[in-house]
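Following: one structure in structure tokens, then a few remarks.
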């Protein structure tokens, strides 16, 4: 028997490079259950991890579940449920939607994790019909925009790959082959490599504090990172006119003091440009709380929207 | 008596820094009349020019006209018809919608000229419900995106101000106060100033030819310009996932050979980056024909859409 999507439970799963996070929500969005497991990599590992997290979240609640949504890195086609080039997960191509639907006996909707997180961010801010940009600073840098309550997907679901926009022709080479990409400045992978190369024991959790104490290596790295985040904020606001810019991802949550420093950079830049000052970029920023599972909640919303759309669609 | 918008004539006016272009379209989009006049600047000059162009276009057809749409540079609020900071027109603030509606006795809808042009570009390509970005390289650089047939306006109609995204921290100072903005690379105002400073008589119409002949000043300027246009294309595709990128504006139409050279730059960049190669950026480019009045046609569409929305809206 099919439950009405308005009254049922929804499940959201965020498959990340290190861990997979599942939550079970009731019809009012309250969290009923939660499960976190280390992500096994490779196609079979990812499928097994997702099934284990789903099973753990569902417990005895299976009968009430109307939708399962999954957020996963990589190029994701929500129409087919196929995931491509999720490098950190060891996946070149995986028909995740079909494999999970077959294993679980429930309809599963797949989306890109950052796109799912943008819906989660809109939900968190209570602006489900609004305009916002979500910027994710994890190993890499990516964005997703919600316009009038809908995700901007772009042709081939490409929208949001801002990490590979070059912002410095003299910058370091990016793994994508270009120079000076935003991801070189503000991607967690690059930052960790540079901090390790310093050999001073400096890490992301102590970066801003060390920069404030005047450590030259920390100052240089913090300035580069803050400039990258500030540029990403400016870029999405000027391109898409986003009223709010929500920051999330491991880099944001691991470096205490980072976001106020980014806001200081934006304010200093605005002092040099009346145009920038008129944008009030620092004021547009919201940080997603570290304990709010934004991508998992967004994934639940992705699944719920798809299921509702199916229920509303004419039959046959 | 109000004509049905489905059967009536629509008028579109593109108010530019040097000339104002009006067109009268029938319900099938065929051009019935056209008028071009030099733009008088200042608030009164702009209003007088618009009225003269409207009157000339209308001729005896006034009774059949259901909508008038105006595209104008600057910050435009289509809801109120107020235009702000249209610097090249000598306007700081002008209630253009109200003044024209009062003078003409017909409802007038105002929009930003580049946003109007994006609708004109969608119409030209026959993808009225599609996704595209329109990039305008005039005195400045600006963009507008159409997503699922609708303009992306952004909060405060800010979307598309990509000319002031910095792409080179070592670049020249922009009039906005920042360094290395896209507009510094590819805005017609800056290009003209640099060419004049060379003192070699080089102009935009001969730039690409002179660069191909090996003139060092021309090579440097053409490279900078092509890099700026190429970056703008990449930026809108990676941010919004635009399937097609339509190029227009005075710089594009005044410099023969420019767009193939931009495509060469994109192809050369793709050779250094598998990621860029996968985007096929050069293939996404379309140039609006120089004799297609894209902003005036788009302005007519803006007016027509607004009038249709009013007819469809519930009364009271």
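Residue numbers (my numbering), protein chains in the order written: chain A, 4 to 319; chain B, 4 to 319.
All C-beta atoms in this analysis are idealised placements derived from N, C-alpha and C, irrespective of residue type, glycine included.
- Taking 9 Å as the CB threshold, residue 275/B lines the interface with chain A.
- Close CB contacts of residue 298/A within its chain, under the 7 Å cut and outside five residues either way in sequence, are with 17, 74, 116, 119, 120 and 123 (chain order).
- For residue 72/A, DSSP records a beta bridge to 15/A and 112/A.
- Among the residues facing chain B, residue 278/A is included, as its CB has a counterpart in that chain under 9 Å away.
- If you check the CB distance, residue 247/A and residue 103/A do not come in under 9 Å.
- As the crow flies, the alpha-carbon of residue 85/A is around 16 Å from that of residue 44/A.
- Every unbroken stretch of the alpha helix (DSSP H) spanning 4 or more residues and falling wholly within the region 187 to 259 of chain B is given here in chain order: 191 to 201, 207 to 215, 219 to 243 and 253 to 257.
- It is roughly 50 Å from the alpha-carbon of residue 312/A to the alpha-carbon of residue 63/B.
- With a threshold of 9 Å between beta carbons, residue 242/A makes contact with chain B.
- Considering only 192/B, 212/B, 296/B and 13/B, the residue with the shortest C-alpha distance to residue 264/B is 212/B.
- Excluding its 5 nearest sequence neighbours in each direction, residue 310/B has C-beta neighbours in its own chain below 7 Å: 8, 69, 70 and 110, listed in chain order.
- For residue 85/A, the uninterrupted beta strand (DSSP E) segment begins and ends at 85 to 89.
- For residue 285/A, the enclosing alpha helix (DSSP H) begins and ends at 284 to 287.
- Under the Cβ distance rule, residue 179/A counts among the residues neighbouring chain B, one pair being separated by less than 9 Å.
- Here the region 154 to 161 of chain A does not lie against the region 195 to 208 of chain A, with fewer than 3 beta-carbon pairs under 8 Å apart.
- In the three-state scheme derived from DSSP, where H, G and I count as helix and E and B as strand, residue 80/A is classed as strand.
- Listed along chain A are 168, 238 and 242, each with a C-beta nearer than 8 Å to that of residue 238/B.
- Listed along chain A are 171, each with a C-beta nearer than 7 Å to that of residue 172/B.
- Chain A has no Cβ within less than 9 Å of the Cβ of residue 130/B.
- In the structure shown, residue 60/A adopts helical secondary structure according to DSSP, grouped into three states.
- Nearest to residue 257/A by alpha-carbon distance, out of 272/A, 292/A, 173/A and 301/A, is 292/A.
- Take residue 260/A, set aside five residues on each side of it, and the residues of its chain with a beta-carbon closer than 8 Å to its own are 211, 212 and 215, in chain order.
- Residue 140/A is bridged by DSSP to 144/A.
- Annotation for residue 182/A: no alpha helix (DSSP H) segment contains it, and DSSP assigns it neither H nor E.
- If the five residues before and after residue 230/A are omitted, its C-beta is found closer than 7 Å to the C-beta atoms of 188 and 268, all from its own chain and listed in chain order.
- Within the region 152 to 165 of chain A, those residues whose Cβ lies closer than 8 Å to any Cβ of chain B are, in chain order, 155, 156, 157, 158, 159, 160, 161, 162, 163, 164 and 165.
- When the five nearest sequence neighbours on each side are left out, the beta carbons in the same chain lying within less than 8 Å of the beta carbon of residue 282/B are those of 237, 240, 241 and 273, in order along the chain.
- Proximity of residue 245/A to chain B, defined by a Cβ-Cβ separation below 9 Å, is satisfied.
- At a cut-off of 9 Å between C-beta atoms, residue 80/A does not count as an interface residue with respect to chain B.
- Burial is judged here by how many other beta carbons sit within 10 angstroms of a residue's own beta carbon; residue 24/A has at least 16 and is buried.
- Residue pairing of residue 38/A in beta bridges, as defined by DSSP: 25/A.
- Annotation: the continuous beta strand (DSSP E) that includes residue 96/B extends over 94 to 97.
- Taking a 10 Å sphere around the C-beta of residue 129/B, we find fewer than 16 other C-beta atoms and assign the residue as exposed.
- Closer than 9 Å to the CB of residue 272/B there is at least one CB belonging to chain A.
- Its chain contains 144, 165, 166, 168, 170, 231, 234 and 235 as the residues whose beta carbon lies nearer than 7 Å to that of residue 185/B, once the 5 sequence neighbours on both sides are disregarded; these appear in chain order.
- Take residue 133/A, set aside five residues on each side of it, and no residue of its chain has a beta-carbon closer than 6 Å to its own.
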